[in-house]
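Peer 1:
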Amino acid sequence: MTMYSEIQLIIMAVIFVIVLAVAYKSLSQMFDFGGSTILVLAVCVAVLSIIGLSEVFTSFETNTGNTENPDFSFKLDVILLPYIALPLAILATVIAGFIARILQACKKRSERRYRPGKNDKPKLGKSIGDYS
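In structure tokens form, the structure reads like this:
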């Protein structure tokens with residue numbers, strides 16, 4: 068087991084919380100179990116995701132392309148593959164949503180800036196109510 072730096076631990080904790088929240092919300096909408104059952108399932112999904120991501124990160128650091136690596140476990144990697152893809156997909160969705168929200172706010176700001184105000188209307192004369 069390798070020691071992680073403080074930044075890596077913080078990143079893993081943030082990913083854990085995000086995956087836990089998304090998994091809990093998804094499981095609670097999909098299944099009609101009790102609250103504690105869904106929480107246990109969400110924690111298991113989040114833990115497996117973190118284990119899978121830590122395996123990927125450590126394999127990038129330690130693996131030199133040698134397939135005779137004693138730490139190499141093909142069965143574990145295949146089982147954890149969906150749990151590796153899950154946090155990556157969730158993070159990609161969160162980042163894409165954040166970027167879309169920023170672009171939408173910029174678009175609304177530019178529309179507000181160039182929209183004529185009520186004082187900018189041309190004066191055509193008296194209105195119908197002014198002739199009485």
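Quick note on our numbering: the sequence shown kicks off at 68 and runs consecutively. Backbone N, C-alpha and C fix where the C-beta goes; we use that ideal spot for every residue, glycine too. Just so we're clear, the structure is a prediction, and the values are computed from it rather than from any experiment.
1. Nearest to Cys-111 by CA position, among Val-84, Glu-122, Asp-99, Val-123, is which residue?
2. Taking the alpha-carbon of Gly-119 as reference, which of Ala-109, Leu-148, Met-97 has the nearest alpha-carbon?
3. Assuming contact is defined by CB atoms lying nearer than 8 Å, are Ser-116 and Pro-154 in contact in what I supplied?
4. Taking 8 Å as the threshold (C-beta atoms), are Leu-76 and Tyr-91 in contact?
5. Between which two residues does the alpha helix (DSSP H) carrying Phe-98 extend?
6. Using the Cα positions of Ile-82 and Leu-158, report the straight-line distance between them to the nearest angstrom.
Peer 2: Short version:
1. Within the sequence shown, the letter at position 44 stands for residue 111. Closest in alpha carbon position to Cys-111, among Val-84, Glu-122, Asp-99, Val-123, is Val-84.
2. Counted from its first residue, the sequence shown places residue 119 at position 52. The shortest C-alpha separation from Gly-119 is found at Leu-148.
3. On the sequence shown, residue 116 is found 49 positions in, with the first residue counted as 1. On the sequence shown, residue 154 is found 87 positions in, with the first residue counted as 1. Yes, the Cβ-Cβ distance between Ser-116 and Pro-154 is below 8 Å.
4. Here residue 91 is taken as the residue at index 24 of the sequence shown, counted from 1. Here residue 76 is taken as the residue at index 9 of the sequence shown, counted from 1. Not in contact: Tyr-91 and Leu-76 (Cβ atoms no closer than 8 Å).
5. The count along the sequence shown starts at 1 and reaches residue 98 at position 31. Careful: Phe-98 lies outside any alpha helix (DSSP H) and carries neither H nor E.
6. Here residue 82 is taken as the residue at index 15 of the sequence shown, counted from 1. Here residue 158 is taken as the residue at index 91 of the sequence shown, counted from 1. Near 8 Å, if we compare the C-alpha coordinates of Leu-158 and Ile-82.
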